[in-house]
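Plus 374 on top of the position in the sequence shown (first one is 1) and you've got the working numbering.
Where a beta carbon is used, it is the ideal one built from N, C-alpha and C, also for glycine.
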Amino acid sequence: PSRVLDIGSSGDVIKLLDNTQDLSGKYASLSHRWGPSTATATTIFKSTQARTSGVPLSYLPKKIRDAIIITRYLGIRYLWVDSLCTIQDDRSDWALELTQMSAIYSGAFVVIAANHATDAEEGCFNTRGSRPSSLIDLPEMGQPLSQRGWAFQERVLARRIIHYNTRQMYFECNHGIIAEDGRRFEHRWQDLSQVEEGTDSSQLIEIWEGLVYAYCERKFTNATDKLPAISGLARLLGARLGAQYVAGLWSDILIRGLTWHSFGERKAASIGEYTGPSWSWASYGGTASY
């Protein structure tokens with residue numbers, strides 16, 4: 375990443391490192407739903423210098439403080455949090471960081487997913503009720519973060535994820551998922567290991583179409599984020615396909631790409647803002663399927 379938080383191993387102050395070119399080592403990343411409380415923990419152009427001088431933990435919302443506790447416990451010095459490590463009012467910086475999303479989340483040693491929290495002050499840790507036994511209890515089911523569009527590629531790209539759910543924790547990696555209660559799942563959700571190992575183009579396209587279907591079920595605060603929020607996955611698949619990415623479709627199979635159909639909410643994703651060309655699934659608000 376271009377910037378990371380240097381959280382050290384202890385202490386009440388952390389720092390934003392504005393130049394990571396000469397850094398080496400592991401870093402963790404936080405996947406979270408912002409909510410209104412995150413407004414107090416963003417980096418804007420005017421606050422960049424102050425962030426590099428030091429940020430008291432007391433200034434940060436609970437979710438970020440919890441992520442720091444987890445990261446320190448794992449013995450990792452650096453943490454990447456989108457709201458603090460991207461200059462929010464600088465469109466050029468935002469666009470640059472967007473091109474690195476694939477590398478940021480796939481390169482993180484672990485992604486901390488605050489699945490249950492709807493607001494930054496809810497935190498990763500919560501007071502849990504009784505834990506019913508269920509054979510279909512998965513990290514993705516019924517959790518607020520699983521409904522958010524930006525969190526989709528954050529989970530799919532991650533190599534390792536610690537899920538903080540309402541009732542229990544899960545650990546997910548390329549070998550599957552294990553729940554806190556000991557239940558195991560052989561395969562991870564939306565497994566991209568085939569993409570890394572190398573598969574033929576027809577299989578890659580099927581993987582992409584499956585991703586689009588799952589992704590279109592997510593919600594966005596800003597409809598204009600629909601294409602940007604999956605750009606990291608598009609960059610990864612595009613490198614394997616060797617094809618040009620065209621607003622959610624691929625240039626060498628454009629006719630097939632146009633065969634998507636929308637069901638559910640059959641209306642435009644936005645009336646007043648541009649979300650994509652009318653022939654792209656990104657321009658519609660419902661779920662897209664092939």
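Within its chain, find whatever has a CB closer than 7 Å to the CB of S575; leave out the 5 residues flanking it on each side and keep chain order.
Closer than 7 Å at the Cβ level, and outside the excluded window around S575, lie L615.
Compare the beta carbon distance of V387 and V429 with 8 Å and say whether it is the shorter of the two.
yes
Taking the C-alpha atoms as reference points, what is the distance between T394 and G631?
39 Å
DSSP three-state assignment for R446, whether helix, strand or coil
helix
Quick check on P665: buried or exposed, where buried means 16 or more other Cβ atoms within 10 Å of its Cβ?
Any question about residue 665 goes unanswered here, given that the chain covers just 375 to 664.
Which same chain residues, not among the five before or five after T633, have their C-beta less than 7 Å away from its C-beta?
Taking C-beta separations shorter than 7 Å and ignoring five residues to either side along the sequence, the partners of T633 in its chain run Y664, following chain order.
Residues bridged to E546 (per DSSP):
I535, I551
List the whole-angstrom C-beta distance separating T573 from S644, where the pair is believed to meet the contact cut-off of C-beta under 8 Å.
Their Cβ separation, rounded to whole angstroms, is 35 Å, which puts T573 and S644 out of contact at 8 Å.
Residues bridged to K593 [DSSP beta-bridge criterion]:
When DSSP reads this structure, K593 sits in a beta bridge with R522.
Given this structure, state the Cα-to-Cα distance separating E496 from D380, to the nearest angstrom.
23 Å
Determine which residues share a DSSP beta bridge with I461 and list them.
T417
Taking the Cβ atom as the reference point for each residue, do I536 and F526 lie within a distance shorter than 8 Å?
no
Put D599 into one of helix, strand or coil per three-state DSSP.
helix
Residues that DSSP places opposite F637 in a beta bridge:
T661
Looking at D626 and A613, is the spacing between their C-beta atoms short of 8 Å?
No.
Looking at C-beta atoms only, is the number of pairs between the region 545 to 555 and the region 591 to 605 that lie closer than 8 Å three or more?
no
Identified DSSP bridge partners for D380
K389, Y452
How about G660 and R640: do their beta carbons lie closer than 8 Å?
yes
Going by DSSP, which residues form a beta bridge with P651?
P651 is not bridged to any residue.
What residue from C590, S384, R425, R522 has the CA that sits closest to T674's CA?
Outside the displayed span of the chain (375 to 664) sits residue 674, for which this structure offers no information.
Spatial neighbours of L468 in its chain, beta-carbon cut-off 8 Å, leaving aside the 5 residues before and after
For clarity, residue 468 is Trp in the given sequence; the question names Leu instead. Taken in chain order, the residues that qualify are T460, I461, Q462.
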